[in-house]
Amino acid sequence: MTDLKESKISSENVYKGSFLDIRKDRVTLPNGKTSTREWIKHPGAACIIPFMSMVKLH
C-alpha cells in the first residue's frame, strides 16, 4: 500500500469565533509537493445543501 501521510509545514488561524475556528494548513504531500488544507473546527453539526442545478443553489 502506498504511504499517503501528509506532514504539516505550518498552520494559520484564519478566524477564531465563539462557535467555530477556521484554519489554513500548509502540508507536504507524499510526492514531495506542497498543498494547502483549509478546514473548520466546530463542536459538531450536520448540514445538507441541495443543488438543483449547477448554477442555482436552493
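Residues in the sequence shown are numbered consecutively from -9, following my numbering.
For glycine and all other residues, C-beta sits at the position ideal for the given N, C-alpha and C.
Just so it is clear, the structure is predicted and the values come from calculations on it, not from any experiment.
key: Limits of the unbroken beta strand (DSSP E) element including Asp11   = Counting along the chain, Asp11 sits inside the beta strand (DSSP E) bounded by residues 11 to 18.
inquiry  = What does the alpha-carbon distance come out to for the pair Thr18 and Ser(-3)?
reply    = Going from the Cα of Thr18 to the Cα of Ser(-3) covers about 5 Å.
request  = Might you give, ordered along the chain, the residues of its own chain that have their beta carbon closer than 6 Å to the beta carbon of Ile12, omitting 5 neighbours on each side?
outcome  = Close CB contacts of Ile12 within its chain, under the 6 Å cut and outside five residues either way in sequence, are with Val4, Tyr5, Ile30 (chain order).
query = Which two residues bound the contiguous beta strand (DSSP E) that contains Lys31?
reply = Run containing Lys31: 24 to 31, per the beta strand (DSSP E) assignment.
message = Out of Asp(-7), Pro40, Pro20, Ser8, which one is the CA nearest neighbour of Ile(-1)?
response = Distance check between Ile(-1) and each of Asp(-7), Pro40, Pro20, Ser8 places Pro20 closest, using alpha-carbon atoms only.
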